[in-house]
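Data block below; observations after.
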Amino acid sequence: METQARFNWRDNFRLGLLAAVVALSLCAIGVVGTFAQRDIIGGVVSLGHVFLFGAALGGGYLAAHRDADGGTGRALLGGAFIGFLSSLPLVVLALVAEPFHLRQFLPNVSPELLEMLTLGQGQMPGLLILVAVVTVLGLVGVGMARLPSHVRRPLLTGLGVVFLIGLLSETIALAWGSHGLGLRIRRFMFASKGLSIPGVLVVFAAATGLNVWWNTQGSRVRQRVAALPPRRQQVLRWGGIALGILILLILPFLLRRYLSEVIVNVGLYILMGLGLNIVVGFAGLLDLGYVAFFAIGAYTMALLTPSEYGVANLSFWTALPFCVLAAVLAGIFLGVPVLRMRGDYLAIVTLGFGEIVRILVLSDFLAPLIGGAQGILKIPNASIGGLEIVHPEHLYYLVLAGCLLAFFVSWRLRDARLGRQWMAMREDEDVAEAMGINLVRTKLLAFAIGAAFSGMSGAIFAAKLSSVFPHSFSLMVSINVLCLIIVGGIGSLPGVVVGALALVGLPELLREFAEYRLLMYGALLILMMLARPEGFWPSEVRKRELHTESAPTGGGSPIGSA
Amino acid sequence: MPMLELQDVHAYYGNIHALKGISLTVEEGEIVTLIGANGAGKTTTLRTISGLLKPRQGKVYLEGEDLDQYKAHEIVYKGVAMVPEGRGIFAKLTVAENLDMGAYSRRDKKGIAEDLERVFELFPRLKERRNQVAGTLSGGEQQMLATARALMARPRLLLMDEPSMGLAPVLVEDVFDRIMEINHEGTTILLVEQNAHMALQVAHRGYVLQTGEIVLGDTADGLRQNPMVQKAYLGME
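Heads up: the sequence lines are chains A and B, in that order. Each residue of the first sequence is one higher than the one before, starting from 573 at the first, in my numbering. Each residue of the second sequence is one higher than the one before, starting from 568 at the first, in my numbering.
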């Protein structure tokens, strides 16, 4: 009993230290300073604050979470201790920065950052307030962990939604337009930067309310739907799909030009992601040179149309099948030599293949044919019945059509015999062969179909920019596509969409992120592997695989009855 | 004409001469067992028959047809199914999905549904656990699943590699009971076993393999009476 009730100095000290290191390093590398410009709640809280104070909040939460059956008093003490501890290095930083000219070594320790640390209150009172605030945040973290879940969940949802909308307020505010009712709503909800105070209240109330409603009434709604006759359910499902497609169709009118451009980029990555998902997710063949097919599609489009280096005079639409065909042939060309390779070896060879293609298009040797480092200009835009598809709002439909096609093909293939072959091959090549599966054909089909989507994406990309340059086809593209599949959930089709929105769309909207893109990827991937290894929207098989211990899907017992 | 015939088969792993001229026959409706110590070439023989390994010399005939011209996945369509060693199952898929994969080579939906019922009758435990992830089954259940999955291909010849490996003694008896039952329903079986005692109880005939060669071939009873077999494989003095 005695040891039970004792305060765990070591764990709390460790967590406090960890929180301090996180906050301090975020300051030192400039994350806090950079994001201080992006207000979430206009003039009150910026993204920089979130990074600065998030560590103490998280530390308190973790401490209380770990010591779940300890007393509340002890947990609160721990939270305050962690918060206090994590504030000390920040205080030291603020005190020594000027006398020691720290800025010479740490260029990000700017006067703006120091002003942020002292909360604009002058040095001594400001730092005292800082210590108090961070300590209180440690307590709040504990409080969050200790709240009963029916209170905590709506609260966290509300805060999360406020955070997201505040973060993207610049873009969301734009969508309301600049006159009439739209403008009035916009003025009410948003400050010049970030959400306005009334906006925060409205958003928080709506998100919390919806969450509470769903927690209390959601199961009843689901039961009602389940009780409907199957025909009605089917109507409901198709209605949902139709509504989804309708939203997709009118999206450019809601989003306007800039956001349409972002969505077009996301769409090109979704197209590539769906292709790589077949190769990596379905068939289990790790391909790190996937950008090669994107490049081949783009260059084929450039060469077959009347561009600078065009050798044929085809229109976009007639050239498109050839682009896909070229990518398919390249896929088979890559596939044949790696048929007998597995795992790491396959990854290295495909990595080399991607680099070979990039270096080839960059080389002086091929420059007379495909432009070398200068790239190829004057590729004609796609056009329908005389209408040139130049604006992102129109390109959107082109990309949407490609994505829907790829989505449909992937979805049908997954449940077809070929999908089964891929799945069996992924799990165990030898056993798959012993089941009567032709491994050569199955592998080559995976490479070929995966390459086809990427080739299509490349072709649209070329027509969109009306130019291609070798530097668009760097290894980073392959890594991006692979990351978005992993983050979304490997082998899952909606996962590709979620992953592309998160990894391609978000950095596009938050331009400051671009500087820290690799850091964010690294952090996100590590966090994902720790907290949600199956991805945001996992496939059924992955979910089962990673959660067999916690939730056995045993002998047809009703799942989720608890 | 025998169901399966091997004539002077030589097989290699790289430079290692694993099979040094194996000749054997399996008649339709029989259970034939290959017994021998570790590394004698039992598994290699099965891999050669199923086409996963190609003989460098010698022939494998299935009902008089030379199998050399077929690849491993094509031999499945000829009616030869293998239960791999170490229960090669698809660990991440459910029991039902594993069985589904077993019927991969077939397209007759009605026949597949019938056979599913049949294997569930043979292995009721699998029916109980049809939605469970195969990797979480017990060792005995995984062996059942591997066998059931092979049966889903409706094979005429079933190749079984060490079905008793790593199983509790009480389960071993159960597995061999099932093997006899499968045979009674008309499937010819070539059984590779280290557990010579059990294998010779269920088999009609058997061969003894030693370092890549067949040193003895006789009826199961004959082998059981053989002093060399008794000493080396049955642990009797």
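Built from N, CA and C at the ideal position, the CB exists for glycine as well.
Contact between B/Ser-590 and B/Leu-573 holds: CB atoms are separated by about 6 Å, below the 8 Å threshold.
Comparing alpha-carbon positions, the option among A/Asn-584, A/Leu-662, A/Gly-645, A/His-673 lying closest to A/Gly-630 turns out to be A/Asn-584. Residue pairing by DSSP puts B/Leu-776 in a beta bridge opposite B/Gly-603, B/Ile-781. Using beta-carbon distances, B/Phe-657 counts as an interface residue toward chain A, with a partner under 9 Å.
For A/Leu-1017 and B/Ile-642, the gap between their C-alpha atoms comes out near 22 Å.
Separation of the CB atoms of A/Val-921 and A/Ala-1023 is rounded to 15 Å, and the pair is thereby denied contact status at 8 Å. Per DSSP, the unbroken beta strand (DSSP E) holding B/Met-727 starts and ends at 724 to 728.
Of all residues in the region 612 to 637 of chain B, only Ser-617, Leu-619 come within less than 7 Å of chain A when Cβ atoms are compared, listed by chain position. For the set B/Val-599, B/Gly-608, B/Pro-569, B/Gly-596, the Cα lying nearest the Cα of B/Leu-586 is the one of B/Gly-608. Ranking A/Ser-658, A/Cys-599, A/Gln-609 by CA distance to the CA of A/Ala-669 puts A/Cys-599 first. For A/Ser-955, the beta-bridge partners assigned by DSSP are A/Glu-960. Taking C-beta separations shorter than 8 Å and ignoring five residues to either side along the sequence, the partners of A/Arg-930 in its chain run Val-863, Ala-864, Ala-867, Pro-1042, Phe-1045, Ser-1046, Leu-1047, following chain order. Checking the DSSP bridge columns, you'll see B/Asp-633 partnered with B/Tyr-628. Under the criterion of beta carbons closer than 8 Å, A/Gly-845 and A/Val-1068 qualify as touching, at roughly 4 Å. With contacts defined as CB atoms closer than 9 Å, B/Arg-685 and B/Leu-718 qualify as a contacting pair. B/Ser-672 has a beta carbon lying within less than 9 Å of a beta carbon in chain A. In chain order, Met-1007 make up the part of chain A whose C-beta sits under 7 Å from the C-beta of B/Gly-669. Put simply, the region 643 to 655 of chain A does not touch the region 790 to 801 of chain A. Fewer than three CB pairs are less than 8 Å apart. Following the DSSP letters along the chain, one finds A/Asp-611 inside the beta strand (DSSP E) bounded by residues 611 to 613. Annotated as proximal: A/Met-688 and A/His-621, with beta-carbon spacing under 9 Å. Look at A/Glu-1117: its C-beta is under 9 Å from a C-beta on chain B.
In this structure B/His-640 is buried. Its beta-carbon is surrounded by 16 or more other beta-carbon atoms within 10 angstroms. Contacts with chain A (Cβ-Cβ distance below 9 Å) from the region 698 to 711 of chain B involve Asn-698, Gln-699, Val-700, Gly-702, Thr-703, listed in chain order. Neighbours of B/Leu-666 across chain A, judged by C-beta separation under 8 Å, do not exist; the nearest C-beta is about 11 Å away.
Annotation: the continuous beta strand (DSSP E) that includes B/Val-593 extends over 583 to 593. Per DSSP, the beta-bridge partners of B/Glu-760 are B/Ile-602. Under the three-state reduction of DSSP output, A/Ser-1038 falls in the coil class, being neither helix nor strand.
Using a CB distance cut-off of 9 Å, B/Arg-685 does not count as an interface residue toward chain A. Taking the Cα of A/Val-1070 as reference, the smallest distance to any Cα among A/Pro-952, A/Gly-839, A/Ala-996 is reached at A/Gly-839.
Here the alpha carbons of A/Leu-1096 and A/Lys-765 stand approximately 26 Å from one another. Shown here, A/Gln-946 sits in a helix according to DSSP, grouped into three states. About 4 Å separates the beta carbon of B/His-577 from that of B/Gln-624, a gap short enough to meet the 8 Å contact definition. Assigned with DSSP and collapsed to three states, B/Leu-571 falls in strand. Beta-bridge pairing by DSSP links B/Thr-786 to B/Arg-772.
In terms of beta-carbon proximity, A/Ala-996 lines the interface with chain B, with at least one pair separated by less than 9 Å. Scanning the region 661 to 710 of chain B from its first residue to its last, the whole alpha helix (DSSP H) runs of 4-plus residues come out as 662 to 669, 676 to 689, 691 to 695.
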